[in-house]
Amino acid sequence: PVMLELQRGESSVVVHALPLLAATDVVGAIVLMRDVTDLRHRDRMLVTKDATIREIHHRVKNNLQTIAALLRLQARRLQSDEARAALEESERRIRAIAVVHETLSRDASDVVPFDEIVRPLARLVEEASGGPDFPIRIEVEGQVGDLPGDLATPLAVVLNELVQNAVDHAFPPGRSAAGAGRVRVTLARDGDDAVVVVADDGVGLPPGFTLDAPAGLGLSIVHTLVTTEMGGSLELVDDRGARAVVRVPVGGPDDD
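As structure tokens, this is what we get:
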């Protein structure tokens, strides 16, 4: 059998030729022809669409990184510690979103291998935290697998906020401890849910803490994203340090 594809202008035809045999002699042939013009046109459209989507994510990532750099430059010029801290927090949140778009720019699908962006996020926080007198180590374990892009972005922001919150509040200056402070990020799938746990070995939650009235903007953002945008749940408990458990349905809150 022989198969070949013929093209002329915008038209494409696939030809299949099958020989008819009598004993060992070829006595004829069956020739099948199929017009695949529409199919090839759709293929080209998909390739163009995929390239466009990747380029959009690449440009969004670059724009976000530019905004983050501008915020960092502005923060360095400020005299107010409070204003500088606010800009640095905004820069960090923008960089977390940029990491997701960087991953999406490498693949045109709407699915994000979330495990691949967790370590870069942890590294961003780790590099900006701690010090030679009391280093902070961030560990990542487990897997949550692929997530839809519209879920991966807010979940990346949530993870970034929780890790940064642990680094900022679990290890106050003067804390006596042997070795480095440790923050552990655990990823898992539980049925149709993605589960992210951020635990530290620090001082734990402050007395009277409640999620109904979180003290900082970071936890307010986390609570809103988890419960409202992703339709999930958030739990914070004392467990030889603070432990945050985020559980979100992978299909999203409107999934049937």
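For the sequence shown, my numbering begins at 6 and goes up steadily by one. For every residue, glycine included, the Cβ atom is placed at its ideal position computed from N, Cα and C. If you're wondering where the values come from, they're calculated on a predicted model, not measured in any experiment.
Q) Since D197 is in the beta strand (DSSP E), which residue starts that stretch and which ends it? A) D197 -> no beta strand (DSSP E), and no H or E assigned at all.
Q: Consult DSSP for P258 and reduce its assignment to one of helix, strand or coil.
A: A caution first: P258 carries a pLDDT of 43, below 50, which makes its placement in the model unreliable, though a value can still be read off. Of the three classes helix, strand and coil, the one that applies to P258 here is coil, per DSSP.
Q | Endpoints, alpha helix (DSSP H) assigned at R124 | A | Bounds of the alpha helix (DSSP H) holding R124 are F119 to E132.
Q) Within this structure, are the beta carbons of V130 and V201 separated by less than 9 angstroms? A) no
Q.
I need the boundaries of the beta strand (DSSP E) containing E1, first residue and last residue.
A. With the chain running from 6 to 261 in the structure shown, residue 1 is simply not present.
Q. Just to confirm, are E144 and R89 a CB contact at a threshold of 9 angstroms?
A. Note that the C-beta distance between E144 and R89 is not below 9 angstroms.
Q) What residues in its chain sit with their C-beta under 7 angstroms from that of D259, if we drop five residues either side in the sequence? A) Because D259 sits at a pLDDT of 46, beneath the cut-off of 50, its placement in the model cannot be relied upon, and the following sentence gives the value as read from the coordinates. Closer than 7 angstroms at Cβ, skipping near neighbours: no residue.
Q) So the alpha helix (DSSP H) L156 belongs to, where does it begin and stop? A) G154 to H174
Q | Exposure label - D261; buried when at least 16 CB within 10 Å | A | Annotation note: pLDDT 45 at D261 (below 50); position unreliable, coordinate value reported separately. Exposed, because fewer than 16 other Cβ atoms sit within 10 Å of the Cβ of D261.
Q: Apply the 10 Å Cβ neighbour rule to T233 and answer buried if 16 or more other Cβ atoms are within range, or exposed otherwise.
A: exposed
Q) Run through DSSP, which three-state label would L9 get? A) DSSP places L9 within a strand segment (E or B) once states are collapsed to three.
Q: Please determine, among R13, V227, E240 and L37, the residue with the shortest C-alpha to C-alpha distance to R98.
A: V227
Q. How far does the beta strand (DSSP E) with S85 in it reach, from first residue to last?
A. Careful: S85 lies outside any beta strand (DSSP E) and carries neither H nor E.
**Q.** Alpha-carbon to alpha-carbon, S95 and R59
**A.** For R59 and S95, the distance between alpha carbons rounds to 25 angstroms.
Q) Hey, is the stretch 202-214 in contact with the stretch 151-158, meaning 3+ C-beta pairs nearer than 8 angstroms? A) no
Q: Could you spell out where the alpha helix (DSSP H) holding V262 opens and where it closes?
A: In this structure the chain extends from 6 to 261, so residue 262 is not present and cannot be described.
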